[in-house]
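**Q** Take this structure first; my questions come after.
Residue numbers (full-length UniProt numbering): 1 to 114.
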């Protein structure tokens, strides 16, 4: 079995705590974990990690789900900063019930339009 098969585990862990935030990759994919680790690092640098309840990557859906402790944070100043961290770190993520895309994904799509 190749490490790049659909359900092949690329890492020995699928979940961990990063800056006190539980993160989980459905199929233990290295890229999923690296995006979530970068996201939690950015959030922690801003001191906003305590707003995050859980971050999980649904590998099959190519979607990272971010859960907050307080739903009101989606729309306040802290939420804007947290979303900015997601845009800099995660390819595709769920934000306040909608799908958001990271900067690298948008850059790629803009190149295709050129």
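Positions of the beta carbon are idealized from the N, C-alpha and C atoms, including for glycine.
Could you check whether residue 62 and residue 90 sit closer than 8 Å to each other, using their CB atoms as the reference points?
**A** For residue 90 and residue 62, no; Cβs fall outside 8 Å.
**Q** What residues match up with residue 93 in a beta bridge as DSSP calls it?
**A** Note: residue 93 sits in a beta bridge opposite 64, 100.
**Q** With DSSP run on the structure shown, which of helix, strand or coil describes residue 56?
**A** In this structure, residue 56 counts as strand in the three-state DSSP scheme.
**Q** Taking the beta strand (DSSP E) that residue 36 falls in, what are its first and last residues?
**A** No beta strand (DSSP E) holds residue 36; the alpha helix (DSSP H) holding it covers 30 to 45.
**Q** Name the residue from 2, 17, 102 whose alpha carbon lies nearest to the alpha carbon of residue 52.
**A** The shortest C-alpha separation from residue 52 is found at 17.
**Q** If you draw a straight line from the C-alpha of residue 44 to the C-alpha of residue 14, how long is it?
**A** Distance between the alpha carbons of residue 44 and residue 14: 21 Å.
**Q** Looking only at its own chain, which residues have a Cβ that is under 7 Å from the Cβ of residue 39, when we skip the five neighbours before and after it?
**A** So the list reads 55, 85, 86, 89, 90, once near-sequence residues are dropped.
**Q** Here's the rule I'm using: 16 or more other beta-carbon atoms within 10 Å means buried, otherwise exposed. How should residue 36 be labelled?
**A** So residue 36 ends up on the buried side.
**Q** Using CA atoms only, rank isn't needed, just tell me which of 59, 25, 75, 2 is closest to residue 124.
**A** Residue coverage of the chain in this structure runs from 1 to 114, which leaves residue 124 outside it and unanswerable.
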